[in-house]
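Let me begin by presenting the structure, written as structure tokens, before commenting on it.
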Amino acid sequence: NMWNHPITVDNLKRLRDIAGYHVVAPGVGYLACRWVGAGRLAEPADIVGAAACLRTPQDLAGKRVVVSSGPTHEALDPARYLANRSSGKMGIAMAHAAHRRGAAVTLVLGPTGQPVPAGITVVAVESALQMAQAVEQAAASADVVVMAAAVADFRAATIAPQKLKRSSLGATPTLALRANPDILAGLGAARQKAKAQRPLLVGFAAETENVLAYARDKLVRKQIDVIVANDVSQADAGFAVDTNRVIVIDADHAVHVPFGTKAEVAHRVWDALLPRLNHAPVGKKANGAGAKPAKNARRKGKR
Ligand code: C5P
């Protein structure tokens, strides 16, 4: 009631309009006055986050960013699944950095216990097939898709409806697998088919050798724009740890991002992506300022 009272609303408007104050909206929930609604003290992390945004250049303002992160779990039966060692930390750091820089961020997140900062739209998924559906849906209106998820390449050919019994599996049990769709390659193929330039498609590649060569190969194979490659053979980079060092690779450049926290590395990766987000890649027709719009450009949503 107090938050929605016309005098409070008016005073806050004056603070914003006349004095240039920024307001962190209150949390919603059960209030001391026994009402349920907006009026709870905002979480300290949200207040810190809002203050940090004010101190961060808003160079991704107006951009719609989709990030995928975490592992996928591929069910074998109701109790068991196939998974990998991805913690989701790097993808969450990419989503967080983009949010800080003013982007509208959708995070398609596989199963991970990591907390996600407020202000990011989270779509929680479990399997690769669920992730594919969620990413494809979000990608339709995105300026950039960053696939940082460690998508399982295979799933069980059949998911047992009941928990598999040890006694029924024999002495040398075998597991029949089916390939999962390559989500990123699917986005690359769809964009190619539509002769579109957006969304910008960014992959992550964990390698243990020939990092540059394998990354460039992936760019071509998946028809994407950028690969962020990291050497996971090093103990302080890649899976599970809080630090990383990566190389941002496109067809003609390789930007080495030095060792740092995943948050620092995420900001440097966005620094490297920014020119590609603001301008069409060299050699391709731009739809931006000064360029003739494509004949079949849809009026709505084409920018
Ligand atoms: O080919 P590789 O798995 O090394 O490529 C890694 C990149 O491809 C990552 O960006 C990952 O998110 C994406 N990927 C995908 N779907 C898969 C496997 C990988 O989108 N099934």
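When the count follows our numbering, it moves up by one through the sequence shown with no breaks and lands on 336 for the last residue. Positions of the beta carbon are idealized from the N, C-alpha and C atoms, including for glycine. Here the structure is a predicted model, which is why all the values come from computation and not from measurement.
Sub-8 angstroms separation of residue i and residue j beta-carbons
i, j, result
"residue 296", "residue 130", "yes"
"residue 153", "residue 138", "yes"
"residue 215", "residue 151", "no"
"residue 195", "residue 111", "yes"
"residue 11", "residue 180", "Because the chain here runs from 34 to 336, residue 11 falls outside it and cannot be looked at."
"residue 306", "residue 259", "yes"
"residue 184", "residue 161", "yes"
"residue 232", "residue 172", "yes"
Euclidean distance between Cα positions of residue i and residue j
i, j, result
"residue 122", "residue 176", "22 angstroms"
"residue 71", "residue 106", "36 angstroms"
"residue 363", "residue 264", "Only positions 34 to 336 of the chain appear in the structure, and residue 363 is not among them; the question remains open."
"residue 98", "residue 182", "15 angstroms"
"residue 229", "residue 47", "44 angstroms"
"residue 298", "residue 262", "12 angstroms"
"residue 327", "residue 174", "Caution is warranted here: a pLDDT of 39 is assigned to residue 327, below 50, making its placement in the model unreliable, and the coordinate value is therefore given only provisionally. Those two C-alpha atoms are separated by around 18 angstroms."
"residue 269", "residue 279", "11 angstroms"
"residue 168", "residue 40", "43 angstroms"
"residue 166", "residue 157", "12 angstroms"
"residue 236", "residue 210", "24 angstroms"
"residue 275", "residue 294", "6 angstroms"
"residue 87", "residue 240", "37 angstroms"
"residue 149", "residue 116", "21 angstroms"
"residue 208", "residue 308", "46 angstroms"
"residue 85", "residue 50", "21 angstroms"
"residue 66", "residue 142", "36 angstroms"
"residue 118", "residue 44", "51 angstroms"
"residue 252", "residue 283", "7 angstroms"
"residue 96", "residue 35", "35 angstroms"
"residue 300", "residue 287", "16 angstroms"
"residue 52", "residue 127", "33 angstroms"
"residue 37", "residue 145", "37 angstroms"
"residue 113", "residue 155", "25 angstroms"
The ligand C5P heavy atom lying under 7 angstroms from the CB of residue i
i, result
"residue 340", "In this structure the chain extends from 34 to 336, so residue 340 is not present and cannot be described."
"residue 180", "yes"
"residue 161", "yes"
"residue 122", "no"
"residue 295", "no"
"residue 233", "no"
"residue 272", "no"
"residue 99", "no"
"residue 245", "no"
"residue 258", "no"
"residue 217", "yes"
"residue 236", "yes"
"residue 186", "yes"
"residue 251", "yes"
6 angstroms Cβ shell around residue i - same chain, five flanking residues per side excluded
i, result
"residue 135", "91, 93 and 94"
"residue 69", "63"
"residue 132", "138, 152 and 153"
"residue 83", "57"
"residue 109", "189"
"residue 73", "59, 60 and 62"
"residue 289", "280"
"residue 247", "240"
Distance cut-off 7 angstroms: residue i Cβ against heavy atoms of the ligand ATP
i, result
"residue 214", "By its list of ligands, the structure shown excludes the ligand ATP, since it contains just the ligand C5P."
7 angstroms CB neighbourhood of residue i in its chain, flanking five on each side removed
i, result
"residue 221", "234, 255, 256 and 257"
"residue 186", "212 and 213"
"residue 54", "48"
"residue 272", "118, 119, 120 and 265"
"residue 103", "119, 121, 124, 142, 143, 144, 145 and 182"
Cβ neighbours of residue i in the same chain (closer than 8 angstroms, five flanking residues each side left out)
i, result
"residue 198", "none"
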